[in-house]
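> Residue numbers (the working numbering): 130 to 552. Here it is: the structure, laid out below.
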Amino acid sequence: MAFGLSPRNLPSPARKSQATEQSKRKRRRMFRCSFIKHTFVTFFLGILAYRSTTYYNKTGETRKPVVPNLTAGPPVTVFYNLFIQDESDVSRVTTFVREQLAPFVSSKIFGAIYIKSIGVPVKTTLLELQDHFSKTPAAAAGIEIQHFEKGDESRSLHDLWSFCRSNSTHPDQVVAYLHSKGSFTPDPANNLLRRYLTKAVLTPECAQMPKDKCNVCSARFSPLPHPHTGGNMWTARCDYIAQLADPSTFIDTMGGYFAGHSSAESSHCLGTDRYALEHWVHAHPDVQPCDVDGSSSFLYGYHAIPTSFTVDLQQAPRIPLSQYPETACNDFGLEVEDRIAEYYYLYEKLPPNTWFGWRLFNDPWGTITSNWPHMMVKMGRDGKASAIVLTYRIPKDLLGSRGVEKDKSPLIKRVTIPLDLKR
């Protein structure tokens with residue numbers, strides 16, 4: 130019987146060498162198994178994560194989420210509008226204001242808090258917010274309350290706007306706007322909406338929104354019946370806010386635009402009267418709205434307000450128009466022409482190619498590219514703008530489907546938007 134050289138009868142140095150080689154081979158096998166296992170698990174979890182954050186646009190194409198490449202600037206400055214109508218409301222209102230503002234005071238993301246108090250005066254000590262200070266930016270900056278007997282949200286929004294326009298404001302400064310939703314009308318739905326909106330403003334995703342993707346952030350942005358966040362609480366970048374019209378005159382401005390057409394019944398559809406202040410922050414053509422409610426159950430108003438939601442930062446609107454129900458506003462706000470004419474009236478400016486409305490309102494086929502649409506302002510004999518001519522591509526089989534003028538090219542659609550502002 131022939132005997133081979135087994136590890137046991139090898140000379141000592143050779144035995145050690147073979148043992149070392151066997152150990153290396155074993156480690157390599159273990160590494161390969163571990164690598165394959167890790168890769169499979171990572172891939173599987175990645176699929177689950179992707180499926181949980183992917184949603185669909187109007188054409189059914191998948192739309193990738195915004196990767197929260199957050200922009201950490203100075204502490205977010207908070208502007209708060211507090212209204213108390215009667216002495217009997219003080220205890221109820223201060224209780225929920227304390228609940229609403231305490232997380233801002235104890236957070237390291239938020240700084241100074243400026244409160245505009247309207248109606249019954251309230252002292253800072255009554256809010257008991259000092260109990261939540263713990264070496265935070267808000268502790269250093271403090272809370273300032275300024276009282277007025279009469280007024281509305283435009284006082285706080287004007288202060289926010291003036292702050293952002295100041296030369297001393299940091300270029301990456303973000304501001305937050307909140308108010309005492311439910312102080313005038315004690316109602317469970319108001320309480321629910323207030324908590325829902327406040328939660329979004331508190332998120333790092335809204336407080337440190339990526340500046341290349343968002344300039345206004347809220348729980349839910351709605352493009353209908355006019356661009357707004359229902360309940361009007363949000364964060365915004367100061368470099369965007371500085372471009373906006375003075376909010377203290379914005380109600381009159383919107384009333385002038387819809388002169389003869391606005392009424393108490395239609396103001397919520399048009400964004401006039403008190404709804405103008407809800408519309409103000411999203412009424413500029415350069416707006417880049419984002420929202421953080423990862424579900425699609427809540428649109429605007431008071432129907433299906435979530436009691437909680439998964440934070441998922443996305444460029445808005447994330448919900449296609451087809452999911453919006455018919456309302457008392459009929460079809461107002463469904464046409465791109467409505468928005469463009471209003472933008473030009475307010476700011477004499479047209480929306481850029483990155484504007485959310487191109488795909489949402491007028492291009493369900495996904496045909497707009499970086500060079501489209503093309504916009505041209507037509508001047509009247511008096512030297513003033515009389516119309517905007519909007520030109521963009523459409524598929525050949527859809528030519529004339531909306532009764533628009535055809536160009537010589539079979540892939541061009543042209544819409545003329547009259548600027549008869551006293552319509």
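Think of the CB as a built atom: it goes at the ideal place given N, C-alpha and C, for glycine as much as any other residue.
1) Shortest alpha-carbon distance to Gln302 belongs to which of Pro376, Ser285, Pro203, Ala388?
2) Taking the beta strand (DSSP E) that Val234 falls in, what are its first and last residues?
3) In three-state terms, what does DSSP make of Gly240?
4) Quick check on Cys398: does DSSP put it in helix, strand or coil?
5) For Arg349, which residues in the same chain have their Cβ closer than 6 Å to its Cβ, ignoring the five residues on either side in sequence?
6) Starting from Phe212, trace the beta strand (DSSP E) in both directions and tell me its first and last residue.
7) Determine which residues share a DSSP beta bridge with His357 and list them.
8) For my contact list, Phe212 and Ile244 are in at a C-beta cut-off of 8 Å; report their separation, rounded to the angstrom.
9) Among the candidates Gln372, Glu471, Gln452, Ser285, whose CA atom is the shortest distance from the CA of Leu399?
10) Rounded to whole angstroms, what is the Cα-Cα separation between Gly359 and Gly430?
11) Ignore the nearest five residues each way along the sequence and tell me which others in Val222's own chain have a CB closer than 7 Å to its CB.
12) Since Asn344 and Gln417 should fall inside the 8 Å C-beta cutoff, what is the C-beta to C-beta distance between them, to a whole number of angstroms?
13) Using the Cα positions of Ile165 and Ser425, report the straight-line distance between them to the nearest angstrom.
14) Below 8 Å, can you find three or more Cβ-Cβ pairs linking the stretch 366-379 to the stretch 395-415?
15) Does the beta-carbon distance from Ile556 to Ile517 come in below 8 Å?
16) Between which two residues does the beta strand (DSSP E) holding Trp363 run?
17) Please determine, among Gly486, Thr439, Phe485, Asn210, the residue with the shortest C-alpha to C-alpha distance to Lys279.
18) Between the C-alpha atoms of Ser395 and Cys458, what's the straight-line distance to the nearest angstrom?
19) Going straight from the alpha carbon of Lys252 to that of Val465, what length do you get?
20) Need the endpoints of the alpha helix (DSSP H) that Asp381 sits in, please.
21) Please report the Cβ distance between Ile272 and Leu286, rounded to the nearest whole angstrom; I am assuming they are in contact, meaning their Cβ atoms lie under 8 Å.
22) DSSP has Ser246 in a bridge; who is on the other side?
23) May I ask which residues mark the beginning and end of the beta strand (DSSP E) holding Pro333?
24) In the DSSP output, what is Leu307 paired with across the bridge?
25) Alpha carbon to alpha carbon, how far is Phe461 from Pro352? Give it in angstroms, no decimals.
26) Across the stretch 361-368 and the stretch 328-347, are there enough close Cβ pairs to call them in contact, namely three or more that are closer than 8 Å?
27) Is it buried or exposed for Glu477, if we count other Cβ within 10 angstroms and need 16 for buried?
28) What is the DSSP secondary structure of Leu475, reduced to helix, strand or coil?
29) If you run the structure through DSSP and keep just helix, strand and coil, what is Cys636?
Concretely, from the data shown:
1) Pro203
2) No beta strand (DSSP E) holds Val234; the alpha helix (DSSP H) holding it covers 219-235.
3) strand
4) helix
5) Asp420, Asp422, Phe427
6) 205-213
7) Ser351
8) Not confirmed; about 11 Å, so no contact.
9) Glu471
10) 6 Å
11) Ile213, Ser309, Ser312
12) 5 Å
13) Confidence at Ile165 is low in this model, with a pLDDT of 41, below 50, so the placement of that residue should be treated as unreliable; the coordinate-derived value is given next. Using only the alpha carbons, I get a separation of about 37 Å.
14) yes
15) A question about residue 556 goes unanswered here, because the residues of the chain that appear run from 130 up to 552.
16) Counting along the chain, the beta strand (DSSP E) containing Trp363 begins and ends at 363-366.
17) Asn210
18) 7 Å
19) Between the alpha carbons of Lys252 and Val465 lies a distance of about 47 Å.
20) 379-386
21) Taking the Cβ atoms as the reference, Ile272 lies roughly 19 Å from Leu286, outside the contact range of under 8 Å.
22) Leu211, His276
23) Pro333 -> not in any beta strand (DSSP E); alpha helix (DSSP H) instead, spanning 333-336.
24) BP columns for Leu307 point to Tyr209.
25) 11 Å
26) yes
27) exposed
28) helix
29) The chain is shown from 130 up to 552; residue 636 falls before or after that span and cannot be answered.
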